[in-house]
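The C-terminal position of the sequence shown is numbered 1360 in the numbering used here, with every residue numbered one higher than the one before it. Here the structure is laid out as C-alpha cells; the discussion comes afterwards.
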Amino acid sequence: MRPDMSVNFNALPQTGVLVMPSERTATVQTGAMLNRLLDSLWSRQALGTINYAATRGKPLLVAYGNEDGRPDTGLLLQPVKGCHEGLPIASRLAAILVKLIQQGPISASASLEVAQALRLASSTVPPESSQAVPVRTLAPWQREQAVAFMDARLTEGFTTPDVAAQCGMSSGRFSVAFRMSFGRSIRQWVIQRRIELAQEMLLREDVTLEAVATACGFAGQCHFTRQFSRVVGIPPGAWRRRNSVAAA
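This is the structure:
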C-alpha cells in the first residue's frame, strides 16, 4: 500500500456532502471535486473521523463550508461492525446522515439539520471514536499528477512551484507533503529518475556518456558522472562495462 491517505482509513470515501450553513445547502460531491475537497481539509488538519455502526457501507465525507464558500472543517464517517448501543450521539447522527444520502436524491433541509447537529455533537466525541487525521502526504490523485508532470519534463527541467500548481498546493506545503509521500525531496526524486533513464541508455554501446548526460537533463558529463557515482556507487562508464559483460 502506498504511503498516502489510504494508510489512515479502511477505505477512501467515494461520496461526500458539502454543507453550506450560510446558504442552507447540502450538495453531493464525487470524483475529482471530492478528491480536492478531501485533500484541502486533510492538508490543513481540519479532518476528523466518526465511527458509526453498520453491517456494510463505505466512508462518507461531510465537509462544512464557511461564509466565503471554502471548506472549513470536515468529518469522515467510517462504518464499523457492531450496534449503536454504547456509541456516542455523534455516531448515531452519522448513521442517520449516511442513510439520508444513500436514499437519494438528497434532501437539503433534512441533511443540513442532521449535518449541523453532527458537527456540534462531534466536539464532545471521545478520542477513540473521533480522531484527528495526520497531515503529511499527498493524496493519490496528487501523487499521480505530480509524477506524470515531472516525468514529461525530466530532460528540460521544471520548478517546484510548477509541480505544486498541478496539485493545487503552495510550493512549501507541496515540498513537505512530497517528501513524506516519496521518502525523499523533489530534487532527490528527480536525480534518481534521471539516473534510471540514464541506465537504460547506457545499455546501448553506441551512445556516448556526453549524449546520455544531455538527454537525461544533467548539466554536463562531469555533473552526470558525479551524481551517478553518488547514487549508484560507481561511475557510469564502469556501470556500463559491468552490465555489458553481464548481458554477454
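We put the CB at the ideal spot given by N, CA and C, even for glycine.
Would Ala1264 and Val1129 qualify as a contact pair, given that the criterion is a beta-carbon distance under 8 Å? For the purposes of this step, residue 1264 is identified with residue 152 of the sequence shown, where counting begins at 1. For the purposes of this step, residue 1129 is identified with residue 17 of the sequence shown, where counting begins at 1. Going by C-beta atoms, Ala1264 is not nearer than 8 Å to Val1129.
What number of angstroms, rounded off, separates the C-alpha of Asp1318 from the C-alpha of Gly1345? Taking the sequence shown and counting its residues from 1, the one referred to as residue 1318 is at position 206. Taking the sequence shown and counting its residues from 1, the one referred to as residue 1345 is at position 233. Distance between the alpha carbons of Asp1318 and Gly1345: 23 Å.
Proximity below 8 Å, CB of Pro1171 to CB of Leu1159: Here residue 1171 refers to the residue found at position 59 when the sequence shown is read from its first residue. Here residue 1159 refers to the residue found at position 47 when the sequence shown is read from its first residue. Not in contact: Pro1171 and Leu1159 (Cβ atoms no closer than 8 Å).
Measure the alpha-carbon distance for Arg1285 versus Thr1127 and round it to whole angstroms. Counting from one through the sequence shown, the residue named residue 1285 turns up at place 173. Counting from one through the sequence shown, the residue named residue 1127 turns up at place 15. Cα to Cα, the separation comes out at about 26 Å.
Residue of Asp1151, Phe1330 and Ser1223 minimising C-alpha distance to Ala1310: Counting from one through the sequence shown, the residue named residue 1310 turns up at place 198. Comparing Cα-Cα distances from Ala1310 to each of Asp1151, Phe1330 and Ser1223, the minimum goes to Phe1330.
Give the straight-line distance between the Cα atoms of Gly1181 and Met1132, rounded to the nearest whole angstrom. Sequence index remark: in the sequence shown, residue 1181 carries index 69 (1-based). Sequence index remark: in the sequence shown, residue 1132 carries index 20 (1-based). Each residue's alpha carbon lies about 7 Å from the other.
Nearest-angstrom Cα distance between Leu1205 and Ser1223? Numbered from 1 along the sequence shown, position 93 holds the residue referred to as residue 1205. Numbered from 1 along the sequence shown, position 111 holds the residue referred to as residue 1223. Their backbone Cα atoms lie some 10 Å apart in a straight line.
Tell me the DSSP secondary structure of Gln1141 in three-state form. Locating residue 1141 in the sequence shown gives position 29, counting from the first residue. In the structure shown, Gln1141 sits in a strand (DSSP, three-state: E or B).
Could you tell me the boundaries of the beta strand (DSSP E) in which Leu1321 lies? Position 209 of the sequence shown, counting from 1, holds the residue named residue 1321. Judged by DSSP secondary structure, Leu1321 falls outside any beta strand (DSSP E) and instead within the alpha helix (DSSP H) spanning Leu1321 to Ala1327.
Hey, could you find the ends of the alpha helix (DSSP H) Asp1274 is sitting in? As a working mapping, residue 1274 is identified with position 162 in the sequence shown. Start and end: Thr1272 to Gln1278.
Give the straight-line distance between the Cα atoms of Met1281 and Ser1356, rounded to the nearest whole angstrom. Looking up residue 1281 in the sequence shown gives position 169. Looking up residue 1356 in the sequence shown gives position 244. Rounded to whole angstroms, Met1281 to Ser1356 spans 44 Å at the Cα level.
Could you spell out where the beta strand (DSSP E) holding Thr1161 opens and where it closes? Counting from 1 along the sequence shown, the entry for residue 1161 is found at position 49. Taken as a continuous stretch (DSSP letters only), the beta strand (DSSP E) holding Thr1161 covers Leu1159 to Ala1165.
Does the Cβ of Asn1147 have 16 or more other Cβ atoms within 10 Å, making it buried, or fewer, making it exposed? The residue you call residue 1147 lines up with position 35 of the sequence shown. Buried, by the Cβ-count rule.
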